[in-house]
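Participant:
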Amino acid sequence: MIEINTKENCCGCYACYNVCPKQCITMKTDNEGFWYPDIDKDKCVNCNLCEKVCPIVNPVQRNESLKLSYAVQNKDDAVRLSSSSGGMFHLLAESIIKQDGVVYGAGFDKDFSVKHIRINKIEEIQLLQGSKYLQSGIGNIYKQVKKDLKENKQVLFTGTPCQVEGLKSFLGREENNLLTMDFICHGVPSPMIWGGTTRQ
Numbered sequence: 490m491i492e493i494n495t496k497e498n499c500c501g502c503y504a505c506y507n508v509c510p511k512q513c514i515t516m517k518t519d520n521e522g523f524w525y526p527d528i529d530k531d532k533c534v535n536c537n538l539c540e541k542v543c544p545i546v547n548p549v550q551r552n553e554s555l556k557l558s559y560a561v562q563n564k565d566d567a568v569r570l571s572s573s574s575g576g577m578f579h580l581l582a583e584s585i586i587k588q589d590g591v592v593y594g595a596g597f598d599k600d601f602s603v604k605h606i607r608i609n610k611i612e613e614i615q616l617l618q619g620s621k622y623l624q625s626g627i628g629n630i631y632k633q634v635k636k637d638l639k640e641n642k643q644v645l646f647t648g649t650p651c652q653v654e655g656l657k658s659f660l661g662r663e664e665n666n667l668l669t670m671d672f673i674c675h676g677v678p679s680p681m682i683w684g685g686t687t688r689q
């Protein structure tokens with residue numbers, strides 16, 4: 490089973506929570522509001538899947554030769570002004586949804602807590618636009634992504650680099666119909682700063 494000896498060895502990506510076949514892992518907040526896995530050792534069968542999907546225990550091997558990059562800006566002024574980084578996310582999300590696909594990203598719930606949600610309508614894209622500057626609760630989203638991929642849906646998943654790596658580790662293989670989108674991240678502040686209720 491996975492053991493978090495120091496908090497620097499966990500990014501709170503929820504991969505272990507999603508992969509556990511016995512559902513013996515819960516994500517609990519510490520005194521600063523960050524999520525960490527808590528394992529019910531009585532339920533654990535030591536399958537070690539939690540360790541296998543952990544992107545900290547098993548870092549992704551990167552191809553350093555891939556350094557091609559582009560600067561992109563949405564031509565729609567209204568979309569660009571309601572976006573954080575030039576409106577590229579809106580373009581990709583709209584394209585995926587028009588292919589009968591689904592989009593996952595961070596949005597506010599009714600209590601203004603930040604969590605990942607699934608959308609499949611163009612008018613819902615606005616729910617995911619803009620920077621949140623908080624760690625979003627993933628809950629069972631990775632399982633939902635896997636289900637959509639099995640149904641051959643086009644999927645766009647956006648999140649922090651840790652969440653993207655958590656999803657890829659959870660899936661365990663490259664998926665042709667999965668597009669991921671993250672951003673440069675220097676860490677997230679405590680959700681307690683925002684004052685929202687922390688939730689899975």
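In our numbering, each number is its position in the sequence shown, counted from 1, plus 489. The beta-carbon is built from N, C-alpha and C at its ideal position, and this holds for glycine as well.
#1: Just mark R504 as buried or exposed, buried being the case when its beta carbon has 16 or more other beta carbons within 10 Å.
#2: Take S679 and list the residues in its own chain whose beta-carbon comes closer than 7 Å to its own, dropping the five residues that flank it on each side.
#3: Indicate the three-state DSSP secondary structure (helix, strand or coil) for K635 in the structure shown.
#4: Would the region 558–574 and the region 640–648 be scored as touching if the rule is three or more Cβ pairs under 8 Å?
#5: Since Y593 is in the alpha helix (DSSP H), which residue starts that stretch and which ends it?
#6: When you compare the CB positions of L570 and G596, do they come within less than 7 Å of one another, or not?
#7: I'd like the list of long-range same chain contacts for G575, defined as Cβ closer than 7 Å, with 5 residues on each side in sequence excluded.
#8: Inspect the beta-carbon positions of R611 and E583 and report whether they are closer than 7 Å.
#9: Just the C-alpha distance for T515 and F578, rounded to the nearest angstrom, thanks.
#10: How about C513 and I528: are their beta carbons less than 7 Å apart?
#11: Buried or exposed: which applies to G626, given that a residue is buried once 16 or more other Cβ atoms fall within 10 Å of its Cβ?
#12: Helix or strand or just coil, what does DSSP make of K604?
#13: Given that a residue counts as buried once 16 or more other Cβ atoms are within 10 Å of its Cβ, and exposed if not, what is Q550?
#14: Mapping the DSSP letters down to three states, classify F646 as helix, strand or coil.
#15: Restricting to Cα atoms, I'd like to know which of G648, I606 and L660 is closest to F672.
#16: DSSP beta-bridge partners for L667?
Facilitator: Based on what the coordinates show:
#1: The identity of residue 504 in the sequence shown is Ala, whereas the question assumes Arg. The residue is buried, with at least 16 neighbouring Cβ atoms inside 10 Å.
#2: Counting only residues of its own chain and dropping the five nearest sequence neighbours on each side, S679 has a CB closer than 7 Å to the CB of E521, G522 and F523.
#3: helix
#4: no
#5: First-last for Y593: V591 to F597, but that is the beta strand (DSSP E), not the alpha helix (DSSP H).
#6: no
#7: The answer, listed in chain order, is V561, Q562, N563 and R569.
#8: Note on identity: in this sequence residue 611 is Ile, with Arg being the wrong assignment. The answer is yes: Cβ separation under 7 Å.
#9: 31 Å
#10: yes
#11: G626 is buried by the Cβ-count criterion.
#12: strand
#13: exposed
#14: strand
#15: G648
#16: V644
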